[in-house]
Amino acid sequence: MKINSICCIGAGYVGGPTMAVIAQKCPDIKVTVVDLNESRIAAWNDSDFTKLPVYEPGLDAVVKEARGRNLFFSTEVDKAIDEAQMIFISVNTPTKMYGAGKGMAADLKYIELCARQIARVATSDKIVVEKSTLPVRTAEAIKSILDNTGNGVKFQILSNPEFLAEGTAVEDLHRPDRVLIGGNEQEAIQSLVEVYGQWVPKERILTANLWSSELSKLTANAFLAQRVSSINAISELCEKTGADVNEVAKAIGMDSRIGPKFLKASVGFGGSCFQKDILNLVYIAKSYGLDEVADYWQQVVIMNDHQKHRFAKKIVKKLYNTVSGKKIAMLGWAFKKDTNDTRESAAIDIALDLIAEEANVMVYDPKVSENQIKNDVNNIENNIKVTADPYQACKDAHAIAVVTEWDEFKEYDWKKIYDSMLKPAFVFDGRNILDKEALKKIGFVYTAIGSSN
Ligand code: NAD
Ligand code: UDX
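Residue numbers (the working numbering): 724 to 1176.
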């Protein structure tokens, strides 16, 4: 079946950019992205493209090209479902915070609501595509809900997990390493292959059975996060031994079996996916009685928590074991550069640890709003201030903590910053992005991740 109308439920970090690119690359397909969140939809429809709800380099241009032509953002969920031949479910699947599996399992209530809504509304046959990241065998539950409507409408289910990373979403969608489509019915699979085939080379479109596809997404994130935790574990050992984690990462990354990517030691991984997906994997393994498998993956999260708290502890220790009443500038709040997303950002834990030690934290981030930052620390903290000026953040500070690797941090006038700080002026480079030698020459006491000098 040739697809000419698509609906996507969920206009978030995945639904928005993914559908914008599908609409851009497939001008013959009408793509409608729907969401219950009215202000989010209003922001997607804003005539000021700096107000789109998701910041991604290049996304404004894609939306500009397609919006109003064949890309639409709407809150009319029922109408969009009924009109579409293919429905992507791209709603959030956060860690469940209640009942059985609390703190580990994926909360699938939004997914189930979508399935029930599709079942209730659809009057013609539909292909339903799982775009959200889901536990393996979720399609079974969705199918069971859809097949029990009794109205004769036929549903086919596909799994099409999204591998984009935030900050590079448009690039990743334009040139994906691979697109994965899992399904049991060839005809439905082929319909989606043809959509992606309009811009993705055929050899990069991979098909698989439903369960392999669902499990591949959790596995990919677990492997990626594991690399970060592995290098972060080595970073701590480097700090004790005089080895330098950048040199170790380079040396091991040149082994083609290991490869150079995802070996940057840091304050710890953040983002809405890694922790949630690993915990979900751990829960699934436990639910099959596979305790060793569960423990193995759990350690990746344990290591990450350790890395975040270790960074805050190091700041306190270096500042003569107390930060009480001291101003600490935090440069960066997003969980990585080039995004306005702060979900699970290491910055949050670090700030809370410092505030618990009675520090006065002042935050600067180029893309995250003051509201968001305050919200992330539950609006209860009066020891945290936000500024739109990085020099203001650093003025009269005892220390600077770099927590996000924004490129602009490298370009600052570091002499000016030094002159405005209390002495000794400490810099804790949680991303190893600054010019260590230049900073030391200015007079900073510079501390990196994963090296002792
Ligand atoms: P998000 O929270 O940014 O967006 C989800 C949206 O769905 C929200 O705007 C919410 O209002 C909407 N929604 C929820 N229930 C709804 C309903 N019943 N009807 C209409 N709208 C509804 O989440 P996200 O980051 O886009 O992630 C979505 C899914 O994609 C998750 O499963 C996630 O694991 C997966 N994923 C995320 C990324 C990423 O980098 N963020 C990458 C790959 C996969
Ligand atoms: C991740 C996956 O990369 C992506 O394929 C999936 O679709 C969603 O989850 P995302 O969370 O957006 O993407 O960003 P990613 O680039 O993976 O970074 C995750 C975290 O790991 C960030 O906090 C980042 O700073 C950190 N990280 C990454 C490191 O600390 N070191 C590295 O070498 C790489």
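Glycine included, every Cβ here is placed at the ideal spot set by N, Cα and C. On a predicted model such as this, the values are computed, not experimentally measured, just so you know.
In three-state terms, what does DSSP make of residue i?
i, result
"L986", "coil"
"E853", "strand"
"D1142", "helix"
"Q879", "strand"
"L933", "helix"
"D1076", "helix"
"A829", "strand"
"K753", "strand"
"T861", "helix"
"W1056", "coil"
"L1013", "coil"
"L960", "helix"
"Q1095", "helix"
"V737", "coil"
"P1113", "helix"
"K725", "coil"
"D758", "coil"
"K1159", "helix"
"A1069", "helix"
Comparing the CB of residue i with every heavy atom of ligand 1, is any distance shorter than 7 Å?
i, result
"T856", "yes"
"N874", "no"
"C730", "no"
"T891", "no"
"S882", "no"
"T816", "yes"
"N1003", "no"
"Y778", "no"
"S1047", "no"
"G824", "no"
"N760", "yes"
Buried or exposed for residue i, please, with buried defined as at least 16 other CB atoms from any protein chain shown within 10 angstroms of its CB.
i, result
"K877", "exposed"
"R980", "exposed"
"K984", "exposed"
"G824", "buried"
"G905", "buried"
"M820", "exposed"
"M1085", "buried"
"R898", "exposed"
"M977", "exposed"
"L960", "exposed"
"L1145", "exposed"
"M724", "exposed"
"E889", "buried"
"Y1043", "exposed"
"E926", "exposed"
"G791", "exposed"
"Q909", "exposed"
"R901", "exposed"
"S867", "exposed"
"S762", "exposed"
So is residue i in contact with chain D if we call contact Cβ pairs under 8 Å?
i, result
"V785", "Looking at the structure shown, chain D is missing, and only one protein chain is on hand."
Looking at residue i and ligand 2, is the gap between the Cβ and the nearest heavy atom below 7 Å?
i, result
"N944", "yes"
"S989", "yes"
"F1058", "yes"
"F1132", "no"
"E1081", "no"
"E970", "no"
"L887", "yes"
Do residue j and residue i come within 8 Å of each other at the CB atom, strictly closer than that value?
i, j, result
"R1066", "S995", "yes"
"A1120", "K1050", "yes"
"H1032", "D1099", "no"
"A734", "L794", "no"
"T930", "I912", "yes"
"I1165", "K1138", "yes"
"Q1021", "C749", "no"
"L938", "V1016", "no"
Who does residue i pair with in a DSSP beta bridge?
i, result
"F811", "C731, V852"
"L903", "L929"
"V1084", "I1051, I1107"
"V679", "Not covered by the structure: residue 679. The range shown for the chain is 724 to 1176."
"E790", "Residue identity differs from the one stated: residue 790 is Arg in this sequence, not Glu. DSSP output for R790 lists L794 as bridge partner(s)."
"T818", "A829"
Flag residue i as yes when its Cβ comes closer than 7 Å to any non-hydrogen atom of ligand 3, and as no otherwise.
i, result
"L1054", "The ligand content of the structure shown is limited to ligand 1 and ligand 2, which means ligand 3 is not among them."
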